[in-house]
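Protein chains in written order, with the working numbering: chain A, 22 to 267; chain B, 22 to 267; chain C, 22 to 267; chain D, 22 to 267.
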């Protein structure tokens with residue numbers, strides 16, 4: 022049959038990550054995670070701001086890096102075989118650095134006494150378990166909401182044809198908002214190790230309590246993301262062979 | 022004239038449900054209903070999360086199953102002659118199972134004493150009539166808002182040409198949000214027997230009060246959905262003959 | 022030059038309103054206004070529901086009737102020369118009937134004592150001036166917000182080429198939401214004589230106070246809409262001759 | 022090779038600003054800034070209205086003027102080499118006039134005693150530093166959020182190919198909403214000298230306190246916007262030569 026270069030159409034994200042563009046992709050992943058963590062950890066009335074920021078960030082940077090801003094998403098995309106090994110290793114590194122910078126900027130723009138004010142900080146800024154919530158419930162909850170988020174990411178961006186980044190950014194932003202509103206009472210809805218680690222480091226200068234159960238925000242999202250990749254692979258079984266490099 | 026295979030373009034949803042894909046469609050209907058019911062029944066501040074989740078779910082799974090996640094929607098689509106008999110029977114079964122699983126997950130991630138706390142649970146999680154609301158009013162209200170939801174679904178997805186799933190997901194998600202905000206004071210806005218039955222089963226281990234007037238959440242949505250199908254058939258009278266299988 | 026039938030492309034809305042389709046258009050204007058007024062007048066926590074309903078209604082019915090659901094919008098479109106005389110006369114009639122039905126349905130689904138409860142009803146359901154607000158301020162405010170709404174409608178739907186109904190529905194729904202949030206403290210943000218008249222008729226069985234300053238909700242929106250049509254005509258001066266029927 | 026007029030495709034915005042259209046562009050920038058400042062400064066419950074208004078305004082006027090409504094955005098676009106010198110000078114002038122008119126209209130539609138009520142006015146209407154917030158923090162915060170806003174504007178509108186104004190309007194509106202929710206507790210989130218200057222002039226008839234630290238709302242946004250232009254230029258290095266006029 023005709024030797025069409027279908028691989029280029031299908032590897033929507035990884036075909037951006039060639040030798041030259043990997044620096045661009047890493048830069049926007051760093052920048053996007055910084056912006057996301059800054060907006061997610063600053064005090065606010067309304068829980069909808071992180072989802073809205075995500076819509077804008079994916080609309081801006083999706084074409085360049087895929088718009089992950091989250092090590093759990095990077096792991097999920099990689100487990101679907103759609104990201105190079107180099108990007109799988111380097112994306113989480115710059116995301117963690119971005120998360121640290123975003124959390125440091127949140128710390129920098131407000132008075133010290135407000136920053137360490139428990140009333141606020143353990144409310145939204147850092148992600149800790151709510152009172153009476155057992156670690157097992159929190160793990161299940163973080164795992165579930167990250168499964169929803171990463172499955173939405175995989176279904177909307179890893180298309181056979183050209184990704185519709187508008188559809189993808191709205192779907193991902195709105196599921197993130199729904200998850201944050203839903204899980205706020207249980208785990209404060211992180212879904213993102215970079216978003217949990219950065220603020221925890223900044224806060225640990227004042228109290229070590231933030232590290233209690235911190236593993237929940239690593240294990241939950243990573244297991245949820247792996248499950249999402251498994252579901253995506255099941256749903257795409259029929260055309261899976263065309264995904265393999267020839 | 023030219024024997025174009027117009028049927029394939031027009032039966033937007035049912036042409037996905039061929040012998041092979043019906044399992045995929047049933048799986049995503051199950052998964053989507055689980056996610057929707059989990060997000061709709063977990064405690065939250067803001068009533069906008071179910072609508073947002075619906076936007077993401079339809080954007081993800083619309084192309085595979087049509088994105089119903091609701092027996093009332095399935096009945097409406099079927100009454101418009103756009104779903105095979107097999108799917109009309111099996112979709113509601115998996116949706117009910119998904120609703121049960123979603124409600125069980127809500128139960129699993131929170132402390133028992135918070136789950137059975139009336140202050141919360143009769144507030145959002147399960148759908149019961151508000152105080153002083155008569156069953157007739159509730160039936161009218163559930164019927165009306167389901168009519169709005171299903172009519173939006175039918176107008177936006179059962180297009181003659183290719184369905185614009187971005188337009189459809191946003192329109193359906195936003196009308197769901199508007200309905201939930203509007204009917205919250207009267208019936209808590211279910212519009213979905215799967216979303217009402219699952220949480221009621223989970224709650225009935227603690228109290229049987231949830232079954233009082235439960236029929237409202239079956240009769241209202243199903244009658245509203247049938248009315249929506251009737252309105253859609255009236256509006257599409259002119260090209261209805263082309264819908265009939267040759 | 023080539024005698025292209027440009028008129029058909031340009032008269033985006035009025036070319037739907039031919040002899041046969043006018044009944045369809047009138048039916049969906051009636052139905053859409055009923056839904057809009059029902060959702061806008063029912064008690065709710067959050068003022069965002071009318072804008073969300075508008076997004077869904079325009080996405081559903083825009084292609085059939087233009088998606089006005091508002092006599093002020095109909096007047097504005099007509100003053101731009103984009104609606105037949107018949108539609109200009111009949112649209113507002115069915116919109117007023119729809120507004121009455123929507124308000125009656127709101128009345129039907131709730132207890133009488135809650136309906137006439139001033140705390141609620143003069144809060145959201147009916148549109149009356151807030152305390153200390155002079156009629157002149159209210160006229161200016163209603164005129165301004167209707168100008169914003171109708172100008173958005175005209176700029177987004179009366180395109181030279183095919184209307185992007187997704188862009189139009191989101192722009193119109195979001196400006197409606199912004200207007201409602203902004204003017205809520207002054208006039209309760211009607212922007213729509215049908216939305217003000219229907220609930221006022223239903224409420225006048227209990228109190229005649231609703232008719233005080235009711236003219237504000239007719240004069241303000243109609244003057245604002247005429248101004249929007251004037252601004253639209255100024256902005257489209259350069260291609261205005263191609264709009265005239267040959 | 023073929024002398025394609027690529028410049029016309031690439032200079033998406035500036036190719037609108039030819040000799041004839043500059044008056045149209047200036048008019049819609051004036052009108053849009055008036056609407057934005059009116060909606061942003063009027064009392065409201067919910068901080069989401071300015072972002073929603075921005076979505077509608079960019080959807081309406083983006084094709085005509087680029088949809089800046091903000092001197093900081095105009096400076097950013099100009100530093101990317103995508104705006105004529107004439108527009109760079111005249112846009113901010115009409116934006117400041119529009120900001121004054123919008124703030125005057127806000128003043129006109131409400132009682133005097135409510136307008137000068139500190140409880141309200143220093144809450145949302147005018148942008149002043151929150152208690153205990155040092156000017157340096159405020160500068161950093163305004164600079165950061167304007168960087169996010171202008172970078173989103175530049176990434177989404179200055180495309181090589183045709184700008185997707187729907188994607189651009191949603192991304193810009195949602196990042197504006199996220200920024201306003203995030204920075205509300207620190208600087209009240211202006212991101213826009215025209216939005217800060219107009220209300221400050223109107224308020225200065227009652228109190229001179231509004232001018233304290235007013236420079237923050239000029240220096241922060243302009244420095245943030247210049248940084249955004251720098252980041253955009255870095256990310257577009259590879260095709261930067263094609264941007265230069267031949």
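Yeah, the Cβ is synthetic: ideal placement off N, Cα and C, and Gly gets one too. In this text the structure is predicted, and so the values were computed from the model without any measurement.
Going by Cα to Cα distance, which pick from the options is closest to residue i?
| i | options | result |
| --- | --- | --- |
| residue 56 of chain A | A/44, A/89, A/222 | A/89 |
| residue 171 of chain A | A/245, A/83, A/86 | A/245 |
| residue 85 of chain C | C/72, C/234, C/99, C/53 | C/53 |
| residue 179 of chain D | D/58, D/78, D/99 | D/99 |
| residue 250 of chain B | B/97, B/200, B/58 | B/97 |
| residue 60 of chain A | A/95, A/103, A/120 | A/120 |
| residue 221 of chain A | A/127, A/153, A/113, A/42 | A/127 |
| residue 80 of chain C | B/107, B/185, B/104 | B/185 |
| residue 149 of chain D | D/253, D/71, D/210 | D/210 |
| residue 104 of chain A | A/242, A/173, A/197, A/43 | A/43 |
| residue 58 of chain C | C/223, C/109, C/132, C/152 | C/223 |
| residue 71 of chain A | D/252, D/242, D/70, D/204 | D/204 |
Looking at residue i: is its Cβ nearer than 9 Å to the Cβ of residue j?
| i | j | result |
| --- | --- | --- |
| residue 124 of chain C | residue 167 of chain C | no |
| residue 163 of chain D | residue 212 of chain D | yes |
| residue 130 of chain D | residue 165 of chain C | yes |
| residue 191 of chain B | residue 193 of chain C | no |
| residue 68 of chain D | residue 175 of chain D | no |
| residue 199 of chain A | residue 74 of chain B | yes |
| residue 187 of chain A | residue 187 of chain B | yes |
Assuming the contact rule is C-beta atoms closer than 8 Å, residue i and residue j should be a hit. Round their C-beta distance to whole Å, please.
| i | j | result |
| --- | --- | --- |
| residue 240 of chain A | residue 160 of chain A | 6 Å |
| residue 217 of chain A | residue 238 of chain A | 4 Å |
| residue 153 of chain C | residue 132 of chain D | 5 Å |
| residue 137 of chain A | residue 169 of chain A | 33 Å between Cβ atoms; not a contact. |
Taking just the CA atoms, how far does residue j sit from residue i?
| i | j | result |
| --- | --- | --- |
| residue 147 of chain D | residue 235 of chain B | 51 Å |
| residue 111 of chain A | residue 47 of chain A | 7 Å |
| residue 207 of chain C | residue 232 of chain C | 17 Å |
| residue 177 of chain C | residue 156 of chain D | 41 Å |
| residue 50 of chain D | residue 214 of chain D | 14 Å |
| residue 87 of chain C | residue 93 of chain A | 44 Å |
| residue 134 of chain C | residue 228 of chain B | 30 Å |
| residue 102 of chain C | residue 82 of chain D | 21 Å |
| residue 256 of chain D | residue 122 of chain A | 20 Å |
| residue 107 of chain A | residue 183 of chain A | 23 Å |
| residue 173 of chain C | residue 95 of chain C | 13 Å |
| residue 254 of chain A | residue 114 of chain B | 24 Å |
| residue 252 of chain C | residue 45 of chain C | 30 Å |
| residue 219 of chain A | residue 109 of chain C | 60 Å |
| residue 243 of chain D | residue 242 of chain B | 54 Å |
| residue 158 of chain A | residue 151 of chain D | 39 Å |
| residue 230 of chain B | residue 230 of chain C | 41 Å |
Do residue i and the ligand MN come close, with the Cβ less than 8 Å from some heavy atom?
| i | result |
| --- | --- |
| residue 254 of chain B | In terms of ligand content, the structure shown is empty, and the ligand MN therefore cannot be addressed. |
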